[in-house]
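Here the structure is laid out as structure tokens; the discussion comes afterwards.
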Amino acid sequence: MKVKTLLLFLFFSATYAQNKAEAEKLVDEGIELHDKGDYDGAIGKYSKALEIDKDNLLALTEKAMSLNTSGKYDESIQVAKHAISTHPKEDLSTVYVSYANSLDHLHKLDEALKIYDEGIKKFPDYYQLYFNKGVCYANSNKYGEAVDCLQKALLVNPNHAGSLNAIGIMEMSSNRIPAILAFSRFLIVEPQTSRAKKNLESLQNLLMQGVKQSDEKITISINSDMLADPKGKKKENDFSQTDLILSMAAGLDFDKKNTAKTDVEKFIGKFETICASLDETKKGNSGFYWQNLALYFIEMKEKKLIEPFAYIAFASSGKEDVSKWLKQNQAELEKFYTWSTGYNWKK
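Residue numbers (mature numbering (1 follows the signal peptide of the UniProt record, and there is no 0)): -17 to -1, 1 to 330.
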């Protein structure tokens, strides 16, 4: 009897291993289809994988994601629930994203937030949960809560382009300097995409905000909301002095001695002014943007790396002078990215 039991165990073990291998092969094929935009084809592959190995976590995870991406939200939720119930001790971080994101698309905000919170409690180091929770809040026009979540995503992953992009967009109407710093970091992380081109345009507009030239006259408009508190009371993420100095510096773009400069050269001048002001006013200031963006750019100026940063930021512009500089200064680019990659975000 013991021999027969052992043989049966070995038989089922071998069968299980074979089924799992075949299922994961189908999952790999499904992922390839998903990446090509063939979500229905991908879902079909995952379904076949689950016929062979009914509780395969990888297949359930990818199926929930493809169902969510293709707009089949109710089905995605059911698959996610099954994955959570059958694999309570496994890594379900992306499953929770698909689950909550589907609820968000179904306009079930409270339920979505509850699932995001459940996922964050179990997987506090997964930045996508914070990011997608932020998107969920933004979809409901709760921008303060959204920004808070995006900041938490960046605390986990300072290089997450999506969070930097979203913060730049949400802060650009009321917090110019944080928006400039967020877009600038984005262009370092993702310099040559369609989003980069759009964000470079937004960044340039922010740098010249309130500055106009009419005939020979230069007009500089100052946003009163950006002025320092007359009582001298400090608040978190106060960049009022830098905002004012930037407006003055931007007006110099129209000075005769600067009109022949390229867009990148003008950008370098303004950005050096921003960083110098940040360095001078950092004492006594606090808040997420000071700690997690301003100090990065202050150190960049100290390391004399603003020039390579500027050309990286303009990489999507398609301008000949930019392409030429990038080709001829590989050593400077390597020096910049060595510093940026090794930057200590926790200091």
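Cβ atoms here follow ideal geometry from the backbone N, Cα and C, with glycine treated the same way.
Beta-bridge partners of residue i, as assigned by DSSP
i, result
"Lys116", "According to DSSP, Lys116 bridges with nothing at all."
Status (buried if at least 16 other CB within 10 Å, exposed otherwise) for residue i
i, result
"Trp273", "buried"
"Ala314", "exposed"
"Lys116", "buried"
"His90", "exposed"
"Asn188", "exposed"
"Met153", "buried"
"Pro71", "exposed"
"Lys330", "exposed"
"Pro107", "exposed"
"Val66", "In the sequence under discussion, the amino acid at residue 66 is Ala, which differs from the Val named in the question. Classification of Ala66: buried, given that the 10 Å Cβ count is 16 or more."
"Trp308", "buried"
"Ser230", "buried"
"Ala4", "exposed"
"Gln311", "exposed"
"Leu(-11)", "Low local confidence applies: a pLDDT of 42 at Leu(-11) is under 50, so the model's placement there is unreliable, with the coordinate-based value given in what follows. Exposed, because fewer than 16 other Cβ atoms sit within 10 Å of the Cβ of Leu(-11)."
"Phe97", "Per the sequence shown, the amino acid found at residue 97 is Lys instead of Phe. Per the 10 Å Cβ criterion, exposed."
"Gln124", "Note that residue 124 is Asn in the sequence shown here, rather than Gln. By the 10 Å Cβ count, Asn124 comes out exposed."
"Trp328", "exposed"
"Ser59", "buried"
"Gly151", "buried"
Backbone secondary structure at residue i - three-state DSSP
i, result
"Met310", "Reading off the sequence, residue 310 comes out as Lys, not Met. DSSP places Lys310 in helix when its eight states are reduced to three."
"Pro291", "helix"
"residue 331", "No answer is possible for residue 331: it lies beyond the span of the chain, which begins at -17 and ends at 330."
"Lys46", "helix"
"Trp322", "helix"
"Asn51", "helix"
"His17", "helix"
"Lys3", "helix"
"Asn39", "coil"
"Glu73", "coil"
"Asn327", "coil"
"Lys105", "helix"
"Lys286", "coil"
"His90", "coil"
"Lys302", "coil"
"Phe297", "coil"
"Leu316", "helix"
Beta-carbon spacing of residue i, residue j below 8 Å
i, j, result
"Glu79", "Leu33", "A small correction: the amino acid at residue 79 is Tyr; Glu does not occupy that position in the sequence shown. In this structure, Leu33 does not lie closer than 8 Å to Tyr79 by Cβ."
"Ile160", "Phe222", "yes"
"Val247", "Phe280", "no"
"Asn142", "Val118", "no"
"Ala162", "Leu170", "no"
"Asn182", "Asn140", "no"
"Met155", "Ser177", "no"
"Tyr82", "Ala42", "no"
"Ala233", "Leu190", "yes"
"Ser269", "Glu317", "no"
Just list the alpha helix (DSSP H) runs in the region 124 to 154, keeping only unbroken ones of 4 residues or longer that don't cross its boundaries, in chain order. 126 to 139, 144 to 154
I'd like the ranges of any alpha helix (DSSP H) spanning at least 4 consecutive residues and lying wholly in the region 206 to 275. 223 to 234, 246 to 264
Complete runs of the alpha helix (DSSP H) confined to the region 156 to 190 [at least 4 residues]: 159 to 172, 177 to 190
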